[in-house]
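Chains A and B, in that order, are what the protein sequence lines are. Just so we're aligned, residue 0 is where the first sequence starts under numbering that gives the first Met the number 0, counting upward by one. Just so we're aligned, residue 0 is where the second sequence starts under numbering that gives the first Met the number 0, counting upward by one. Beta carbons are placed, not taken as given, at the ideal position from N, Cα and C, and that holds for glycine. Written below as structure tokens is the structure these notes are about.
Number of protein chains: 2
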Amino acid sequence: MPRRPRLCIHTITTKPWSTEDCIQRYADAGAGGITFWRYNLDNRDPAQVGRQAREAGLDIVSLCRGGFFPGASAAARQASIDDNRRCIEQARDLGAPLIVLVCGAVPGQPLDESRKQIADGIAAVLPDAEAAGVKLGIEPLHPMYADDRSAVNTMRQANEICDRLGSHPMLGIAADVYHLWWDPELEQQVRLSAELQRLFAFHICDWKTPTTDLLNDRGLMGEGCIPIRQISDWVDQTGFSGCREVEIFSNRYWSMPQEDWLNQICSAYDSLYA
Amino acid sequence: MPRRPRLCIHTITTKPWSTEDCIQRYADAGAGGITFWRYNLDNRDPAQVGRQAREAGLDIVSLCRGGFFPGASAAARQASIDDNRRCIEQARDLGAPLIVLVCGAVPGQPLDESRKQIADGIAAVLPDAEAAGVKLGIEPLHPMYADDRSAVNTMRQANEICDRLGSHPMLGIAADVYHLWWDPELEQQVRLSAELQRLFAFHICDWKTPTTDLLNDRGLMGEGCIPIRQISDWVDQTGFSGCREVEIFSNRYWSMPQEDWLNQICSAYDSLYA
Chain A
0 MPRRPRLCIH TITTKPWSTE DCIQRYADAG AGGITFWRYN LDNRDPAQVG RQAREAGLDI
60 VSLCRGGFFP GASAAARQAS IDDNRRCIEQ ARDLGAPLIV LVCGAVPGQP LDESRKQIAD
120 GIAAVLPDAE AAGVKLGIEP LHPMYADDRS AVNTMRQANE ICDRLGSHPM LGIAADVYHL
180 WWDPELEQQV RLSAELQRLF AFHICDWKTP TTDLLNDRGL MGEGCIPIRQ ISDWVDQTGF
240 SGCREVEIFS NRYWSMPQED WLNQICSAYD SLYA
Chain B
0 MPRRPRLCIH TITTKPWSTE DCIQRYADAG AGGITFWRYN LDNRDPAQVG RQAREAGLDI
60 VSLCRGGFFP GASAAARQAS IDDNRRCIEQ ARDLGAPLIV LVCGAVPGQP LDESRKQIAD
120 GIAAVLPDAE AAGVKLGIEP LHPMYADDRS AVNTMRQANE ICDRLGSHPM LGIAADVYHL
180 WWDPELEQQV RLSAELQRLF AFHICDWKTP TTDLLNDRGL MGEGCIPIRQ ISDWVDQTGF
240 SGCREVEIFS NRYWSMPQED WLNQICSAYD SLYA
């Protein structure tokens with residue numbers, strides 16, 4: 000039994016480590032789960048990586064990331080659909096029950112158009128996901144990423160896409176406090192998503208003041224302003240019993256000895272959920 | 000008659016220039032309006048600055064900025080109210096019909112509490128604003144500023160505060176495309192705000208990809224992904240006939256010869272509204 004059964008770590012959080020190092024170190028730290036990023040599978044057999052993780056005692060929580068459906072041309076959009084199909088195969092082989100979707104956006108393309116292309120792209124790959132037994136989780140991204148990473152920026156919008164696609168049981172939402180904490184509708188949308196059986200994943204980290212980089216200056220839980228425990232309680236109150244996934248992009252932390260960094264993560268996690 | 004009657008420039012856009020330089024150069028460029036920042040009034044008589052601007056042929060559009068109502072202590076909140084009262088006096092003496100409110104936030108304080116303190120702070124100074132004949136415009140700030148600059152991050156929230164304060168005729172909204180462009184409700188909220196006589200101001204600039212600094216890397220109109228003309232048309236379709244206010248914080252542009260920068264602004268404005 001892992002000592003921290005609901006702690007999952009995203010491998011990108013310790014980016015300097017190899018796939019194998021992540022598996023071993025997270026298991027040693029007593030984490031219950033691991034979320035792989037696709038680069039972890041480069042030049043590796045996904046099935047074997049999956050076996051290694053399970054043998055180390057880790058649940059594979061998800062594979063990050065699919066998505067990026069919008070494109071300026073039909074060819075670009077088809078290439079993205081093809082890549083998402085490869086991602087679904089990888090997740091199936093890995094034994095990951097879920098792919099997190101960063102939905103995409105094209106700078107200068109109207110957001111409405113990107114949102115339509117996102118719904119179309121997801122619709123195109125949903126049958127593949129269902130056949131593979133892999134769920135798809137739309138991750139609404141912070142509005143500061145609406146230019147080139149995601150035209151889906153709130154849980155409400157993610158829910159609207161799920162509605163539009165007929166509330167397919169394999170399509171849901173990955174909620175990340177970093178992207179959503181500011182939203183006055185968050186509590187209500189968490190509850191709604193759970194009622195609709197769409198709350199597939201829960202990611203944590205913190206928002207630093209000041210934030211010096213739009214991408215790679217996320218904070219460790221407790222060093223920022225996000226009411227993580229409150230949001231986490233809202234999530235748990237819906238009956239959610241999945242992992243709390245630590246996903247931190249940080250130039251500062253990536254430059255540290257990663258063993259020390261992992262110790263800090265475990266301490267912060269323990270303080271948060273004490 | 001100014002050659003660009005609906006062009007207003009925020010003095011902070013050409014931060015290296017003195018108050019007097021801004022007045023003269025904007026008038027020479029054919030701008031119809033000027034929005035002063037409070038630092039422009041340091042060691043100056045607001046009434047005289049106002050006269051200078053009007054004599055140069057410029058309308059004074061607003062004074063930036065009041066607000067920052069939330070505080071960790073009652074004393075801090077009272078100090079903010081006192082400062083907003085001074086700001087109202089300055090606006091009155093300057094002859095500015097409007098103060099733009101950056102509402103404030105305290106890192107780590109629950110956003111709900113900050114929002115309540117914002118409504119309380121505005122309620123405290125509204126009688127002063129009314130007595131002085133100065134309107135107050137809530138500027139919803141991009142969600143990336145929810146930590147320490149504003150707990151009001153959408154037009155919907157700004158409208159809710161206006162509702163809560165009884166739809167006071169001196170309280171409305173300053174809409175800035177930089178903060179709002181990503182919001183799927185934007186068109187609807189622009190229309191609603193105008194119907195309720197609350198659309199007091201309209202600010203323009205652009206969102207660059209990538210954006211390298213959360214504060215001071217705004218783009219010139221046309222170099223980013225914001226559908227400025229579309230949003231501007233939504234605004235005009237409500238009957239709004241006020242200025243389009245160029246407000247650009249940019250380390251890059253501030254380091255240029257400001258005369259060249261002003262020429263670029265005028266060209267970009269002309270292209271946008273050709």
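Review point. Straight-line CA distance for Trp36(A) to Arg148(A)?
Key: Reading the first sequence from its first residue, position 37 is the one you call residue 36(A). Reading the first sequence from its first residue, position 149 is the one you call residue 148(A). Rounded to whole angstroms, Trp36(A) to Arg148(A) spans 17 Å at the Cα level.
Review point. DSSP beta-bridge partners for Asp216(B)?
Key: Taking the first residue of the second sequence as 1, we reach residue 216(B) at position 217. Assignment of beta-bridge partners to Asp216(B) by DSSP yields Ser249(B).
Check your understanding: Can you find a C-beta in chain A that's less than 8 Å from the C-beta of His202(B)?
Key -> Within the second sequence, the letter at position 203 stands for residue 202(B). Among the residues facing chain A, His202(B) is not included, as its CB has no counterpart in that chain under 8 Å away.
Point to revise | C-beta contact flag for Gly65(B) and Ile98(B) at 8 Å | key: Here residue 65(B) refers to the residue found at position 66 when the second sequence is read from its first residue. Here residue 98(B) refers to the residue found at position 99 when the second sequence is read from its first residue. Cβ distance < 8 Å, so Gly65(B) and Ile98(B) count as in contact.
Practice item. Within the region 173–244 of chain A, note down every full alpha helix (DSSP H) run reaching 4 residues or more, in order along the chain. Key: Runs found: 176–179, 185–194, 227–236.
**Study point:** Interface positions of the region 126–160 of chain A facing chain B (Cβ-Cβ less than 7 Å), listed along the chain
**Key:** Hits within the stretch, in order: His141, Pro142, Met143, Ala145, Asp146, Asp147, Asn152, Gln156.
Exercise for review: Identify, in the order they occur along the chain, each residue of the same chain with its Cβ nearer than 8 Å to the Cβ of Gly49(A), setting aside the five sequence neighbours on each side.
Suggested key: Residue mapping note: residue 49(A) aligns to position 50 of the first sequence, counting from 1. Non-local beta-carbon contacts of Gly49(A) in its own chain, meaning distances under 8 Å to residues more than five positions away in sequence, involve Ile59, Asp92, Leu93, Gly94, Ala95 in chain order.
Practice item. Please name the residue, chosen from Ala128(B), Asn83(B), Glu222(B), Asp146(B), that lies closest to Ser113(B) on a Cα-to-Cα basis. Key: One-based indexing of the second sequence puts residue 113(B) at position 114. For the residues Ala128(B), Asn83(B), Glu222(B), Asp146(B), the minimum Cα distance to Ser113(B) belongs to Asp146(B).
**Study point:** Extent of the continuous alpha helix (DSSP H) run through Lys134(B)
**Key:** Locating residue 134(B) in the second sequence gives position 135, where the first residue counts as 1. According to the DSSP assignment, Lys134(B) belongs to no alpha helix (DSSP H) but to the beta strand (DSSP E) extending over 134–137.
Point to revise | Whole-angstrom C-beta distance between Pro1(B) and Gln257(B), which should lie under 8 Å | key: Locating residue 257(B) in the second sequence gives position 258, where the first residue counts as 1. Locating residue 1(B) in the second sequence gives position 2, where the first residue counts as 1. Actually they are not in contact, since the Cβ atoms of Gln257(B) and Pro1(B) sit about 19 Å apart, beyond 8 Å.
**Study point:** Distance, Gln263(B) Cα to Arg84(B) Cα
**Key:** In the second sequence, residue 84(B) corresponds to position 85, counting from 1. In the second sequence, residue 263(B) corresponds to position 264, counting from 1. Each residue's Cα considered, the two are about 37 Å apart.
Practice item. Kindly indicate which residue of Gly238(A), Glu246(A), Asp212(A) has the alpha-carbon position closest to the one of Met143(B). Key: Here residue 143(B) is taken as the residue at index 144 of the second sequence, counted from 1. The shortest C-alpha separation from Met143(B) is found at Asp212(A).
Point to revise | Residue-level contact to chain B via CB, Trp181(A), 8 Å cutoff | key: As a first step, residue 181(A) must be located in the first sequence, where it is residue number 182. It does; some Cβ of chain B falls within 8 Å.
Check your understanding: Do you know how far the Cα of Thr34(A) is from the Cα of Ala3(A)?
Key -> Position 4 of the first sequence, counted from the first residue, corresponds to residue 3(A). Position 35 of the first sequence, counted from the first residue, corresponds to residue 34(A). In the sequence on display, residue 3(A) carries Arg and not Ala. If you take the alpha carbons of Arg3(A) and Thr34(A), they lie about 15 Å apart.
Point to revise | contact_flag[the region 155–168 of chain A, the region 204–211 of chain A] where n(CB pairs < 8 Å) is 3 or more | key: Contact between the region 155–168 of chain A and the region 204–211 of chain A is not established, with fewer than three Cβ pairs separated by less than 8 Å.
Check your understanding: Sorry if obvious, but does the Cβ on Thr13(B) come closer than 7 Å to a heavy atom of the ligand ADP?
Key -> The ligand ADP is not among the ligands present in this structure, which contains no ligands whatsoever.
Exercise for review: Out of Ala90(A), Phe199(A), Ala30(A), Ile80(A), state which residue places its alpha-carbon closest to the alpha-carbon of Gln47(A).
Suggested key: By 1-based counting over the first sequence, the position of residue 47(A) is 48. Minimum Cα distance to Gln47(A) is reached at Ala90(A).
Check your understanding: If we ignore side chains and look at the alpha-carbon of each, how far apart do Ala71(B) and Gly103(B) end up?
Key -> The residue given as residue 71(B) occupies position 72 in the second sequence. The residue given as residue 103(B) occupies position 104 in the second sequence. Within the model, the alpha-carbon separation for Ala71(B) versus Gly103(B) is close to 12 Å.
Practice item. Taking Leu125(B) as part of the beta strand (DSSP E), name the residues at either end of that continuous run. Key: Against the second sequence, residue 125(B) aligns to sequence position 126. That residue, Leu125(B), is in no beta strand (DSSP E); its alpha helix (DSSP H) goes 110–131.
Check your understanding: Does the beta carbon of Cys102(B) come closer than 8 Å to any beta carbon on chain A?
Key -> In the second sequence, the residue the question calls residue 102(B) occupies position 103. With a threshold of 8 Å between beta carbons, Cys102(B) makes no contact with chain A.
Exercise for review: Could you please tell me which residues of the region 206–233 of chain A, in chain order, have their CB closer than 7 Å to any CB of chain B?
Suggested key: Closer than 7 Å at the C-beta level to chain B, one finds these residues of the region 206–233 of chain A: Trp206, Thr208, Thr210, Leu213, Cys224, Pro226.
Practice item. Rounded to whole angstroms, what's the CA-CA distance from Gln296(A) to Ala128(A)? Just pull it up for me. Key: Lying before the first or after the last residue shown, residue 296(A) is absent from chain A, which here runs from 0 to 273.
Point to revise | Reduced DSSP secondary structure (H/G/I, E/B, other) of Arg43(A) | key: Within the first sequence, residue 43(A) is the residue found at index 44, counting from 1. Coil, per DSSP.
Check your understanding: Taking the alpha helix (DSSP H) that Cys86(B) falls in, what are its first and last residues?
Key -> By 1-based counting over the second sequence, the position of residue 86(B) is 87. Its alpha helix (DSSP H) spans residues 73–93.
**Study point:** Residue-chain proximity (Leu45(B), chain A), Cβ-Cβ < 8 Å
**Key:** By 1-based counting over the second sequence, the position of residue 45(B) is 46. Per the sequence shown, the amino acid found at residue 45(B) is Pro instead of Leu. So, not an interface residue.
Check your understanding: Quick check: the region 170–188 of chain A against the region 125–141 of chain A, are there 3 or more CB pairs under 8 Å?
Key -> Counting Cβ pairs under 8 Å, three or more are found: they touch.
Check your understanding: What does a CB cutoff of less than 7 Å around Ala87(B) pick up in its chain, not counting 5 residues either side in sequence?
Key -> The residue given as residue 87(B) occupies position 88 in the second sequence. Just to set this straight, residue 87(B) is Ile in the shown sequence, not Ala. Ile98, Val124, Asp127, Ala128, Ala131, Val133.
Practice item. Would you decide whether Asp269(A) is buried or exposed? Buried here means 16 or more other CB atoms lie within 10 Å of its CB. Key: Within the first sequence, residue 269(A) is the residue found at index 270, counting from 1. Around the Cβ of Asp269(A), a 10 Å sphere holds fewer than 16 other Cβ atoms; the residue is exposed.
Review point. Relative to the alpha-carbon of Phe199(B), which residue among Asp111(B), Cys21(B), Asp119(B), Phe239(B) has its alpha-carbon at the smallest distance?
Key: Position 200 of the second sequence, counted from the first residue, corresponds to residue 199(B). Answer by Cα proximity: Phe239(B).
Review point. Going by alpha carbons, who is nearest to Phe201(A) out of Ala52(A), Tyr25(A), Ser231(A)?
Key: In the first sequence, the residue the question calls residue 201(A) occupies position 202. Comparing alpha-carbon positions, the option among Ala52(A), Tyr25(A), Ser231(A) lying closest to Phe201(A) turns out to be Ser231(A).
Review point. For Phe274(A), which residues from the same chain have a beta carbon less than 7 Å from its beta carbon, with the 5 sequence-adjacent residues on both sides left out?
Key: Since the first residue of chain A shown is 0 and the last is 273, residue 274(A) is not available in this structure.
Review point. For Phe35(B), which beta-bridge partners are listed by DSSP?
Key: Counted from its first residue, the second sequence places residue 35(B) at position 36. The secondary-structure analysis by DSSP pairs Phe35(B) across a beta bridge with Leu62(B).
**Study point:** Listed by chain order, chain A residues near Pro4(B) by CB distance under 7 Å
**Key:** What you label residue 4(B) is simply residue 5 of the second sequence in a count that begins at 1. Within 7 Å Cβ-Cβ: nothing; Pro4(B) doesn't reach chain A, min ~29 Å.
Check your understanding: Distance, Cα to Cα, Cys21(B) vs Ile227(B)?
Key -> Along the second sequence, read from residue 1 onward, the residue named residue 21(B) stands at position 22. Along the second sequence, read from residue 1 onward, the residue named residue 227(B) stands at position 228. Answer to the nearest angstrom: the Cα atoms are 25 Å apart.
Exercise for review: Indicate whether at least one CB of chain A lies closer than 8 Å to the CB of Leu110(B).
Suggested key: Counting from 1 along the second sequence, the entry for residue 110(B) is found at position 111. For Leu110(B), the answer is yes, since a Cβ of chain A falls inside 8 Å of its Cβ.
Practice item. Would you list the residues sitting across from Cys7(A) in a DSSP beta bridge? Key: Here residue 7(A) corresponds to residue number 8 of the first sequence, with the count starting at 1. For Cys7(A), which the question treats as bridged, DSSP gives the partners Gly32(A), Glu244(A).
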